[in-house]
DNA sequence: GTCTATAGGAGGATAGAC
DNA sequence: GTCTATCCTCCTATAGAC
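Chains as they are written, first to last, in this note's numbering: chain V, 81 to 271; chain G, 81 to 271.
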């Protein structure tokens with residue numbers, strides 16, 4: 081029962097974070113969305129920051145599950161493309177929580193959260209291994225530091241281009257994903 | 081005198097917006113940075129949103145000036161690269177104001193600001209012309225809709241990869257710019 | 001147009017009963 | 001653990017004297 085309730089809370093937080101971001105999200109809204117009193121929320125989570133952290137842990141777990149299910153037989157480049165595609169699908173579906181990159185109290189809470197940091201490390205290690213393998217077999221440019229590639233892939237998970245194109249209404253979600261995947265891996269220049 | 085004072089205000093706002101973003105910036109901070117009382121600020125600008133809008137107008141003007149000075153004899157691709165490089169330099173220098181893409185009252189203020197909208201239109205038209213010319217001469221992929229290219233270039237002006245790499249401390253600002261320019265135009269894949 | 005002082009309200013967090 | 005009611009801090013914005 082407690083787990084079910086807390087899942088409902090984290091799900092509501094996740095949606096609100098994806099929709100309006102951390103600063104614009106209010107704890108009152110979360111409570112209203114879950115259908116309980118605000119004080120009850122604080123029996124489950126000690127602060128707004130911890131609510132957001134729980135949502136981040138949730139999405140990180142989902143990423144770990146998806147990435148872990150990717151085939152070791154596919155090429156590292158295919159796995160990287162599949163990983164980026166997955167994050168874009170989540171974002172276009174309105175399920176990717178978005179946090180301000182500047183908020184310091186939130187950063188502190190996240191960095192103190194072992195579940196989140198462990199997940200982040202595992203995901204980074206897995207992506208990092210694929211990146212190095214892809215550079216080794218020549219599919220990803222060897223001129224780029226692996227860390228720069230990793231950051232670039234992470235950045236695609238919160239790329240505003242996705243929302244802009246979605247708002248434009250000229251393309252389906254699938255088309256948008258193909259476009260952004262293409263600009264990410266192939267670049268803007270003609271090949 | 082009045083113009084000088086207002087320039088000082090807008091400059092302070094610009095720095096604070098670049099440093100902490102709109103939500104985290106407080107009007108008290110702006111007043112303290114300028115060295116005047118908060119009430120005096122409100123004699124110059126009617127709201128916090130208008131302060132931010134003034135900073136955006138300022139950076140848009142700077143962009144117009146820079147883009148306008150680019151040579152018509154250089155290739156459209158070179159001009160696009162120069163434009164993106166300029167925005168990255170501004171961002172790495174801590175002079176690129178950053179606004180939340182979600183805040184609605186701020187969006188309304190911006191969209192109601194004729195100076196801002198005119199600047200945005202002119203910049204978009206200029207970039208759009210270069211994009212189409214670059215696609216016509218085959219340097220930028222014809223498979224990509226011009227609007228998607230435009231959005232992608234705009235997104236590079238607020239790409240978190242720049243800050244991440246800068247925080248890492250492994251690369252100089254110039255190296256970071258070359259890296260991100262390369263991932264943007266050449267893509268991650270080997271060419 | 002600058003100041004001091006304060007109104008007004010939003011929102012995170014808590015007290016205390018049940 | 002859930003509720004109602006409230007606290008308290010922060011921050012935007014304004015009043016009013018000079």
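Note that the Cβ used here is the ideal one computed from N, Cα and C, for glycine as well. Bear in mind the structure is a predicted one, so any value in this text is a computation, not a measurement.
**Request:** Find the residues of chain V that neighbour residue 101 of chain G, judging by a C-beta separation of less than 7 Å, and give them in chain order.
**Result:** 180 and 182
**Request:** Show which residues of chain V have a CB atom less than 7 Å away from the CB atom of residue 196 of chain G.
**Result:** Chain V residues near residue 196 of chain G: none, gap ~17 Å exceeds 7 Å.
**Prompt:** Got a sec: is the Cβ-Cβ distance from residue 262 of chain G to anything in chain V below 8 Å?
**Reply:** yes
**Prompt:** When DSSP builds the beta bridges, which residues end up paired with residue 220 of chain G?
**Reply:** V:269
**Prompt:** In whole angstroms, what separates the C-alpha of residue 271 of chain G from that of residue 137 of chain G?
**Reply:** Approximately 39 Å between the Cα atoms of the pair.
**Request:** Classify residue 205 of chain V as helix, strand or coil using the three-state DSSP reduction.
**Result:** helix
**Asked** Within the 8 Å Cβ cut-off, does residue 269 of chain V reach chain G?
**Response** Judged by the 8 Å Cβ criterion, residue 269 of chain V is in contact with chain G.
**Message:** Measuring only the C-alpha atoms, how far is residue 173 of chain V from residue 144 of chain G?
**Reply:** 36 Å
**Message:** For the stretch 144 to 153 of chain G against the stretch 197 to 212 of chain G, do three or more pairs of beta-carbon atoms, one drawn from each stretch, fall closer than 8 Å, so that the two count as touching?
**Reply:** yes
**Message:** When you compare the CB positions of residue 103 of chain G and residue 103 of chain V, do they come within less than 8 Å of one another, or not?
**Reply:** yes
**Extent of the continuous alpha helix (DSSP H) to which residue 140 of chain V belongs** = 128 to 149
**Under the three-state DSSP convention, the category residue 232 of chain V falls into** = Residue 232 of chain V falls in the helix class under three-state DSSP.
**Asked** Any idea if residue 106 of chain V is buried or exposed, counting beta-carbon neighbours within 10 angstroms, 16 or more meaning buried?
**Response** exposed
**Asked** Which bits of chain G does residue 248 of chain V rub up against, with CB to CB less than 7 Å?
**Response** 227
**Item:** Within the stretch 154 to 186 of chain G, ranges of the alpha helix (DSSP H) (whole runs, at least 4 residues)
**Value:** 156 to 172
**Message:** Under 8 Å: do the stretch 165 to 182 of chain G and the stretch 227 to 239 of chain G share three or more Cβ pairs, one atom per stretch?
**Reply:** yes
**Prompt:** Taking buried to mean at least 16 other C-beta atoms within 10 Å of its own C-beta, is residue 177 of chain G buried or exposed?
**Reply:** buried
**Item:** Cβ pair count under 8 Å reaching 3, the stretch 257 to 269 of chain V against the stretch 108 to 118 of chain G
**Value:** Output reads no: the stretch 108 to 118 of chain G does not touch the stretch 257 to 269 of chain V.
**Request:** Could you tell me whether the Cβ of residue 82 of chain G comes closer than 8 Å to any Cβ of chain V?
**Result:** no
**Message:** For residue 125 of chain V and residue 131 of chain V, I'd like the C-alpha separation in whole angstroms.
**Reply:** Roughly 6 Å separates the two Cα atoms.
**Message:** Once DSSP output is grouped into helix, strand and coil, what is the label at residue 125 of chain V?
**Reply:** coil
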